[in-house]
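See structure below.
Number of protein chains: 4
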Amino acid sequence: MPTQVQNPAVATALLERFRTVRAATLAFASPLSPEDLMVQSLPEASPVKWHLAHTSWFFETFVLTDPAIGLPGYQPFHPDFRWLFNSYYNALGEMPEKKLRSSFSRPPLTDILAFRAHIDSAIERLLEGNAEAEALRRITLGLEHEQQHLELIATDIKHALFTNPLHPAYLEAPATPGNIAPPVEFIPFAGGLTRIGTIPDATDPLSFAFDNETPEHTVFLQPYRLASRLVTVAEYLAFMDDNAYSRPELWLSEGWATMRAAGWQAPLYWQRDPATSTGWSIYTLGGLHPLETLAATPVCHLSFFEADAFARWSGCRLPTEFEWEHAAATLSTTQGNFLESNALHPLPAPTTNGLHQLFGDTWEWTASPYTGYPGYKPLPGALGEYNGKFMSSQIILRGGSSVTPTTHIRATYRNFFPPSTRWQFSGLRLAQDA
Amino acid sequence: MPTQVQNPAVATALLERFRTVRAATLAFASPLSPEDLMVQSLPEASPVKWHLAHTSWFFETFVLTDPAIGLPGYQPFHPDFRWLFNSYYNALGEMPEKKLRSSFSRPPLTDILAFRAHIDSAIERLLEGNAEAEALRRITLGLEHEQQHLELIATDIKHALFTNPLHPAYLEAPATPGNIAPPVEFIPFAGGLTRIGTIPDATDPLSFAFDNETPEHTVFLQPYRLASRLVTVAEYLAFMDDNAYSRPELWLSEGWATMRAAGWQAPLYWQRDPATSTGWSIYTLGGLHPLETLAATPVCHLSFFEADAFARWSGCRLPTEFEWEHAAATLSTTQGNFLESNALHPLPAPTTNGLHQLFGDTWEWTASPYTGYPGYKPLPGALGEYNGKFMSSQIILRGGSSVTPTTHIRATYRNFFPPSTRWQFSGLRLAQDA
Amino acid sequence: MPTQVQNPAVATALLERFRTVRAATLAFASPLSPEDLMVQSLPEASPVKWHLAHTSWFFETFVLTDPAIGLPGYQPFHPDFRWLFNSYYNALGEMPEKKLRSSFSRPPLTDILAFRAHIDSAIERLLEGNAEAEALRRITLGLEHEQQHLELIATDIKHALFTNPLHPAYLEAPATPGNIAPPVEFIPFAGGLTRIGTIPDATDPLSFAFDNETPEHTVFLQPYRLASRLVTVAEYLAFMDDNAYSRPELWLSEGWATMRAAGWQAPLYWQRDPATSTGWSIYTLGGLHPLETLAATPVCHLSFFEADAFARWSGCRLPTEFEWEHAAATLSTTQGNFLESNALHPLPAPTTNGLHQLFGDTWEWTASPYTGYPGYKPLPGALGEYNGKFMSSQIILRGGSSVTPTTHIRATYRNFFPPSTRWQFSGLRLAQDA
Amino acid sequence: MPTQVQNPAVATALLERFRTVRAATLAFASPLSPEDLMVQSLPEASPVKWHLAHTSWFFETFVLTDPAIGLPGYQPFHPDFRWLFNSYYNALGEMPEKKLRSSFSRPPLTDILAFRAHIDSAIERLLEGNAEAEALRRITLGLEHEQQHLELIATDIKHALFTNPLHPAYLEAPATPGNIAPPVEFIPFAGGLTRIGTIPDATDPLSFAFDNETPEHTVFLQPYRLASRLVTVAEYLAFMDDNAYSRPELWLSEGWATMRAAGWQAPLYWQRDPATSTGWSIYTLGGLHPLETLAATPVCHLSFFEADAFARWSGCRLPTEFEWEHAAATLSTTQGNFLESNALHPLPAPTTNGLHQLFGDTWEWTASPYTGYPGYKPLPGALGEYNGKFMSSQIILRGGSSVTPTTHIRATYRNFFPPSTRWQFSGLRLAQDA
């Protein structure tokens, strides 16, 4: 790795971003007790305390202790933390089983917070010195990683609190005012040859994209139409009321089997509630609300199978990730309802014409399985385990959600989860052949 | 469904094909005892006796008893058979659980054979009369269905006999003479815009493709190279000897977990055998043979995960299904080592230059998850459950195998199985970016 | 093992018994097809073909090939059969997994029947010669073993045929005439010190008891009362109609959990049937019969948990095995409804006074877990695995059933099964404290 | 329930006991953090926080809110706590699933401690007033219940801390001085008719026994011999070194299957450790210690299956619970190494002659399955679910352990667990026929 003199302004900008992102994580955790931070209520979720530690571990492992680009003289906070807070990087050796995360009463939260402060101060020293370009790139990656985990903190604690028999709220909040969603319009796109993916600017260490967004390449698209907004709670209720969970012809075979085995009868977080006019309440990070007060908001916490069945029932289909990205390229901004709005839940679409809610509100299930782009190469070394090894049996989601940090999203961003996943803020937008 | 007068020559040709295909099924089953035909050794396999019945049920259900196009006055063979031999068509109502197939001692084999004869005679009468074009189309579909099940009979009985502690052969046969496989050559393809899929000739009822091969559409391909032959047993042994089953960096995450949980250390049907010079024997339909006698033959009975790991270890990748089909379009025939060769196992590649073994020998795992082509529409009614509902968490295989009937394959044919599947004759061909 | 000259009359008597018992097994299997003999519909059941082989294996393994007492010059039928038909004798080395039994299409039935004939002829030669006393003892044990498996053949094929979606009968038979069961009387027993178990006559090689019936020993019993007959189908229906399967207070905790997880709502083989006046039909070896035609017959195919819950609901309890044996000692015969009656199902109790149905009809669940008697010693060698190693988490049943061979039962006989077992002919008799 | 005037001295004595027992629970929890109190590392264990709440719930449910005997004007602490902290009393209605206990971050520990204080003060008021005799009986039961849960707190937190990848100690402590265990002596007992069980003094509300220790009744015992002390770690290591975990002939069939499926190769909490002279370390509540420093201490954390196999290997057997109680009746005290010694681990036996370690150190697996005594009747109402419904598939243990509170044990006390249980302090004593 050749040395490279940095523009000090770049390091200063990165330091500013570092402080902002790290502080956002702690701020989100602050209303929670040390006991709340311990809970792991799903095998695929983690305790918040673990997220706080693991995001710091990332900087220690991939930046501070790297002999070529790290902080000279850096002392690791604790010798056990290197393996204790590894998530899934086989190349880094031994790691605790994921299912053991719920037993992490030790180290105590106070140690984890001290670990974070230790890392913060070391990264600040590194950035105030003459850091290598590769160090800046890795710190940038570490901040994207931290933002991914901030979103996971939100989804994991939502599930943890919901699993608690008392269903406490993260923060008590009134439901969004219940306006009416605007009618859906299907917006046509001509398709043809289009460029998909991105090439980060190699001369700018702050320019960032995940390896799975590269290389940029050409795709041929047939003409198609995309719905102007996300599917709403009211529309999904109509699907349920049409007996959709009992009609196999609406479902993929795997979806039908999964749904029946799990006993799903509604999206995650919907609960039957005779005290409401619709018979349902929906659990949000702001507590339980009658469905009718959320009817105009986008439906979320759907599996891919439910999104796919809804689209089939509607006589439509899900868009491919290429169609979605092609359409997103027509927008000038990525504005939307993200974590910083503090709504912590999707909001109704605006009533103006045009393509809405592409960014924020809910992740949008696409029809595209997660695969590598033509010519895809993972990062070298352990960081190569970040994305590439998950390219099987997962589905692409696009656009970010109401708990995604604003500065984390891009039109080329590819999120991915197994098709049965429901604890993310996942919804859908309809598409049609032209 | 409007009536349509048929060219009698078409019906005659179809009748000829009907007799050939139906006879081939029985001929393959003939060396087996009624007890052999009862065995179900895998949840995803079926007893041969069930296959014999289900393929007949297909003609009774979708042709003979159809009020619009069926045989006037047709009497169903037995009132229970309609639900008893349904495989997975939810639209047709109640069906026995797949796991109960192993308890089907009744109806006895003699009744199943009588059922087949009853169906044969009814279809012959229908084809000798003035059959509707739609009837000819459905019979054509039924024959493709029968050929798929003939291949399943071969794979299911192979597993059943192997599971028997005595490992009896289907038919004792010597191993293929052990010649040396020719060196691999990587053949370049320019890519660009290419047409994928097919459109059956609507005016010819014998013209056939499955709905999942349609519609024909345009795909843009980057330049690529394809290996001139399949990967061999000897090459796969080198991969194993390089400790591949213990190196997580070679595997997809799901593949690593699947392989470790299942305890795989070699392809299915490879057994450690201290009496051989390589330490391994391979079970074939012709019995157990020392690996060394099969070293030049294509490796088969791999999961997608193993094929993918081998490709990564080789510094290559799997081809997409579009690359495969684009390359196949350059060949003038689909000749290859199919069921009718009676080898019942892959054979070594020829030593001449060029693209070999694209058809026959082994199904080739591609890099492509199974999805619908742009504009894909399933057939109407229960037949719509044939292909479309399986479009999740499965991977495309191409080219047919040594137990595929010769007349069943096409360059556009898309086979699909979950990525952990190993009991099919599944191998791989390497690909590279150009 | 010292040689011992035998009384020829003893060997002749044993030969007679050998022929009778072996012929009974084949006679029971004769109405079944080779395909029926292949079915294994429960993990704890076996295909009939396997039973036919395993019972012959027992004589080959423990008698004919024993160097001290076997048949000089005996040639084993087939070298693989020694491990192929081992059931669970770890001391004898490798054995196939029990779950693989359903794949035993090979060896074919014809070989199994030839194996039986080979064994029969060898044992006959041994008994016509000058056999050792220990050989006679082992043959006697082998015949008791064969009779146990004859009962298992009846229970296993009943389950296999019931599992078949067509529910065919073993032999079509009318239901027992539906008379009324006599009222229950509770017969008092004084208890006190009593002798339990038995001591076989060491000087008589035909005198037999299983090791678990020994040693004879003293037990102290409190006074108690025993019902004069078994609980009937009508009485059990009243228990169900009192909502018993939804009332946790009636059940052992393990029983409640087992029953809920399995979804039990009635005894095994009871099926809801709107065509009957009671709403239920019962499957028997003679086919399906309306419950009302069997109302007076003893209920059977209950788990221990259901028998225990019924007793609690009745304000009674199950008898201990010691109470049962103490009561049985007051009877002069072991007459009852056994296999040879050909009813193949329990029959109503006689209307006379006194203790009825103690033998035959149904096995009676007792309150006693299966443990060794004080001073219990298993047989030496592999035969020691016959009974002793199963002495945990099983419950004692007493008295034999309608598919137990008549000559197989004794007042001291201890049958045992896990408490969730339902595929045996298991019912109950009530008991009370005096 | 008729009123009954109480002797004030009785209520005063009970109040004193109430304060002592309740304080002991809090004292044991005091070295642990709120995060430690959250961990549930086994399905059959519970978080300490839950134990603290549930033991208080017991007094609120069965004493304070009982209309006949409760505290007039008592206000429940929180309306949800009645179902939230129910363990398994079906008669009391809805309860949270046991597996959800690990998500109990709310109510927070501070609320649980306030709940305890609320209960303490209410019970004190009740006892300072004119309490009914039945109230005193229920409070006495509640204290026995609390002591059982104190022992579970010790076993559950031991497992929770051990599961943590860092293996922290509850309290760092040196290993017991490693003296040599005295030789085993087998002490003869004549047997004969003996009285088993107990009758609490109905006129003394503080006289206590669980319903499963009653009624007192007569049992006949054969002569037997009992080992003078418990089996030691060194003796158990010899059993392991004799390849015991690979020899099926030493094991019950269920034990062999359980042990192989779980991969056991040593008692729970034994870890291979190349840094020790024996190659093993043992985790205790005082941290990890080399096995050699604990060689003379009783082995513990054995399943019944391991205890049974060890006894068989020794040419001995386990005692029945009746033999154990008959022998215990010869001792004048129940002194031993209990929780209050603060060893928190078994200690070596004294070197004097006689019967040692019958009480304390480790629970002793007996040969006796858990059943009701003749004439057994559970308590009326929901309290009847305390013991009786668990009388299947469990084994009796006797004598208490080093984490049992001293005042909790009696010679007639019957503990019970499934035979695969290892997280209790369970060991064994050998027995022989005379």
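Chains as they are written, first to last, in our numbering: chain A, 829 to 1262; chain B, 829 to 1262; chain C, 829 to 1262; chain D, 829 to 1262. Just so you know, even glycine gets a beta-carbon here, dropped at the ideal spot from N, CA and C. Remember, predicted model here, so these are calculated numbers, not experimental data.
When the Cα of residue i is compared with those of the options, which residue comes out closest?
i	options	result
T1046 (chain D)	C:G1020, C:T1026, C:N1071 and C:N835	C:G1020
Y916 (chain C)	D:S1081, D:T1240, D:E1000 and D:P1102	D:S1081
D1039 (chain A)	A:M1219, A:T1234, A:R1257 and A:E1077	A:M1219
Q976 (chain B)	B:T1234, B:H1117 and B:P1247	B:T1234
E956 (chain A)	A:V838, A:F1245, A:F1036 and A:F1132	A:V838
C1128 (chain A)	A:E1044, A:H882, A:P1176 and A:G901	A:P1176
A1001 (chain D)	D:H1117, D:E1013 and D:M1087	D:H1117
I897 (chain A)	A:F1244, A:R1057 and A:I967	A:I967
H1236 (chain B)	B:S1035, B:E1213 and B:F1150	B:S1035
Please tell me whether residue i and residue j are closer than 7 Å, where the distance is taken between their beta carbons.
i	j	result
W1079 (chain C)	A1137 (chain C)	yes
R1226 (chain C)	T1179 (chain C)	no
T1125 (chain C)	V1061 (chain C)	yes
A1259 (chain D)	L1054 (chain D)	yes
I1224 (chain B)	Y1241 (chain B)	no
S861 (chain C)	P936 (chain B)	yes
F1166 (chain B)	G1143 (chain B)	no
E979 (chain D)	T1232 (chain D)	yes
P1131 (chain B)	S1248 (chain B)	Residue 1131 (chain B) is actually Ser in this sequence, not Pro. Closer than 7 Å, so yes.
H882 (chain C)	F913 (chain C)	yes
L954 (chain A)	L899 (chain A)	yes
Whole angstroms are fine: how far does the CA of residue j sit from the CA of residue i?
i	j	result
F886 (chain D)	F990 (chain D)	29 Å
R934 (chain C)	H1173 (chain D)	57 Å
P830 (chain C)	T1026 (chain D)	Because the pLDDT at P830 (chain C) is just 45, under 50, the model does not fix this residue reliably, and the value given afterwards should be weighed accordingly. C-alpha separation (whole angstroms): 53 Å.
S884 (chain D)	F846 (chain D)	12 Å
T983 (chain A)	S1254 (chain A)	11 Å
L971 (chain C)	D1032 (chain C)	16 Å
N1215 (chain C)	Q1222 (chain C)	12 Å
S869 (chain D)	A1085 (chain A)	31 Å
R850 (chain A)	E863 (chain A)	22 Å
W1191 (chain B)	G1114 (chain A)	53 Å
Closer than 8 Å is the cut-off here; do at least three beta carbon pairs connect the region 1184 to 1204 of chain B with the region 867 to 879 of chain B?
Because the criterion of three Cβ pairs below 8 Å is not met, the region 1184 to 1204 of chain B and the region 867 to 879 of chain B do not touch.
Could you tell me which uninterrupted alpha helix (DSSP H) segments, each at least 4 residues in length, are contained entirely in the region 880 to 956 of chain A, listed from first to last along the chain?
Here the runs fully enclosed are 909 to 912 and 937 to 956.
Enumerate, from N- to C-terminal direction, the unbroken alpha helix (DSSP H) stretches of 4 or more residues contained entirely within the region 1123 to 1206 of chain B.
With a minimum length of 4 residues, the unbroken runs of alpha helix (DSSP H) contained wholly in the region 1123 to 1206 of chain B fall at 1132 to 1141 and 1149 to 1156.
Cβ contact (3+ pairs, closer than 8 Å) linking the region 961 to 981 of chain A and the region 888 to 897 of chain A
Under the three-pair Cβ rule at 8 Å, the region 961 to 981 of chain A counts as touching the region 888 to 897 of chain A.
Residue ranges of each alpha helix (DSSP H) within the region 1031 to 1115 of chain C, 4 or longer
List check, alpha helix (DSSP H) in window: 1061 to 1069 and 1081 to 1090.
Are there three or more Cβ pairs, one per stretch, closer than 8 Å when the region 1064 to 1078 of chain A is compared with the region 840 to 854 of chain B?
The region 1064 to 1078 of chain A, when compared against the region 840 to 854 of chain B, does not touch it at the 8 Å Cβ threshold.
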